[in-house]
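The sequence shown runs -20 to -1, 1 to 237 under mature numbering (1 follows the signal peptide of the UniProt record, and there is no 0). Data block below; observations after.
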Amino acid sequence: MKFNALVVGMGLLCSFSSFAATELRYGLEAEYPPFESRNASGELEGFDIDLGKAICKAAELKCSWVETSFDALIPGLMAKKFDAINSAMNITEQRRQSIDFTQPIYRIPSQLVGKEGSGVEATPEGLKGKTIGVLQGSIQETYAKEHWEKHGVTVVSYKDQNMAWGDLLNGRIDASLVMSAAGQAGFLSKPQGKGFGFIGKPVSDDTILGSGIGFGLRKGDEATKKQLDAAIEKVRADGTIDTLAKKYFPGIDVSVK
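This is how it looks when you write it as structure tokens:
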């Protein structure tokens, strides 16, 4: 009986392991074009969606997506609501305290977007007395609070970036700090972005802004990390990442230095 029970138990474990090795649930916040958003038909689209599909194909995984707000992604991952974060999340030491990451896949600079000719500058002095919008839970929020809020700049956090764009149009905020590709595709290239532009050069602080964007994983999930890292190497080698970057981020160098 003990032997039979052991055999049955091992069979169940193998069955579960097989299932886990072929299924992957991505967690994402779908309000951040061109990385991830829903089109008019309600379908998910964007760089991270196409990238996620390509990596799943390379890893021979069946994938699905689970939506939540950006600041709920890490808690959701830790609570096992999904298996990996695929939502333009930069790899930072602060986040590494809670979760692990795949290798960096791509990198996008962060820039301030505001009204052209407003006289606003992307410096503590140039922003003093101004109000800046950021995505809640983002590295841009951390950067703005660390570098600007301490110098008399008001930092307002939003659940999704579209809310920040709305307040920028209405004059409730003076500018918004975003990843440059999101600023270009999500606002500046649209009709409502007329009269707005990037302010100054990309901000820099590797400690806060990180080493690049990767997929977030639960601590100790070495099997998933190994599987995804191998797939990332495949899609980098076959040119998929470069092809997608040219499609979604024309003119932006996304290579991880």
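We put the beta carbon where it would ideally sit given N, CA and C, even for glycine. Since we're looking at a predicted model, the values are computed, not measured.
By alpha-carbon positions, which one of the options ends up nearest to residue i?
i, options, result
"G94", "N66, Q164, K227", "Q164"
"G180", "D140, G231, P104, A144", "P104"
"N70", "L189, D28, S169", "L189"
"D218", "I232, G97, I153, A34", "A34"
"residue 247", "G177, F195, Q172, G151", "In the structure as shown, the chain starts at -20 and stops at 237, and residue 247 therefore has no counterpart that could be examined."
"S17", "D140, E96, T134, A38", "D140"
"S98", "A10, E47, E9, L148", "L148"
"S191", "R76, K37, S160", "R76"
"E9", "V46, K37, P182", "V46"
"A52", "S118, A38, G151, E129", "S118"
Suppose the cutoff is 8 Å on Cβ atoms and the five residues either side in sequence are ignored; what does the same chain contact list for residue i look like?
i, result
"T2", "E40, L41, K42"
"E101", "L107, I179, G180"
"S78", "I54, M58, K199"
"L168", "V93, F176, G177, F178"
Tell whether a beta-carbon distance below 8 Å holds between residue i and residue j.
i, j, result
"F81", "S67", "no"
"Q116", "S90", "no"
"A124", "Y12", "no"
"L155", "K214", "The residue asked about is misnamed: residue 155 is Ala in this sequence, not Leu. No, these two residues do not count as a Cβ contact at 8 Å."
"P84", "G194", "yes"
"Y6", "G32", "yes"
"I112", "I153", "yes"
"I88", "I232", "yes"
Near residue i, what residues of its chain come up, given a Cβ to Cβ distance below 6 Å and the 5 sequence neighbours on each side ignored?
i, result
"A225", "V234"
"S184", "none"
"S137", "V114, Q116, E121"
"C(-7)", "In this prediction, C(-7) has a pLDDT of 40, which is less than 50 and means its spatial position is unreliable; nothing more can be read from the coordinates."
"S44", "R5"
"P171", "none"
"I29", "E16"
"residue 244", "The displayed coordinates of the chain run from -20 to 237. Any statement about residue 244 would go beyond what the structure contains."
"Y228", "P14, F27"
"V236", "P84, R87, G192"
"L197", "A64, D80, T204, K205"
Does DSSP classify residue i as helix, strand or coil?
i, result
"A217", "helix"
"I193", "strand"
"I232", "coil"
"N142", "helix"
"K227", "helix"
"R5", "strand"
"M58", "helix"
"E129", "helix"
"S49", "coil"
"L67", "It should be pointed out that residue 67 corresponds to Ser in this sequence rather than to Leu. S67 falls in the coil class under three-state DSSP."
"G26", "coil"
Within a Cβ cutoff of 7 Å, which residues of the same chain sit near residue i, ignoring the five residues on either side of it in sequence?
i, result
"E73", "T187"
Of all the CB atoms in chain C, is at least one closer than 8 Å to the CB of residue i?
i, result
"T111", "In the structure shown, chain C does not exist; there is a single protein chain."
task: Kindly confirm or deny that the region 197 to 205 and the region 57 to 73 touch, where touching means at least three C-beta pairs closer than 8 Å.
output: yes
task: Kindly confirm or deny that the region 50 to 59 and the region 19 to 33 touch, where touching means at least three C-beta pairs closer than 8 Å.
output: Taking one beta carbon from each stretch, the region 50 to 59 and the region 19 to 33 have fewer than 3 pairs nearer than 8 Å; the two do not touch.
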